[in-house]
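Here the structure comes first, spelled out in structure tokens, and everything after it is commentary.
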Amino acid sequence: CCEWWNEHDRRIATLEFDRDRKSMGVIVDSGAGRKSLLVKVLSLSAIT
């Protein structure tokens, strides 16, 4: 999974995990000027 992303997209920035927003993200450049924000969110069931 990670290898695929590394081969196809260039990482611009990483938003480290934050306890307040309970998520982390990565901004990537997919080429042709297309940028995306990939977000992973902590499941609420994991905290209860």
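With UniProt numbering, the residue at position 27 of the sequence shown is 27, and numbering never jumps. Each residue gets a CB set at the ideal place from its N, CA and C atoms; glycine is no exception.
Output the distance between the C-alpha atoms of residue i and residue j, rounded to the nearest integer angstrom.
i	j	result
G31	N6	13 Å
K22	V41	6 Å
D29	F17	20 Å
H8	D20	31 Å
I12	W4	16 Å
S43	G33	32 Å
V39	M24	6 Å
According to DSSP, what are the bridge partners of residue i?
i	result
R34	Answer by DSSP bridge pairing: none, since R34 is not bridged.
D18	S23
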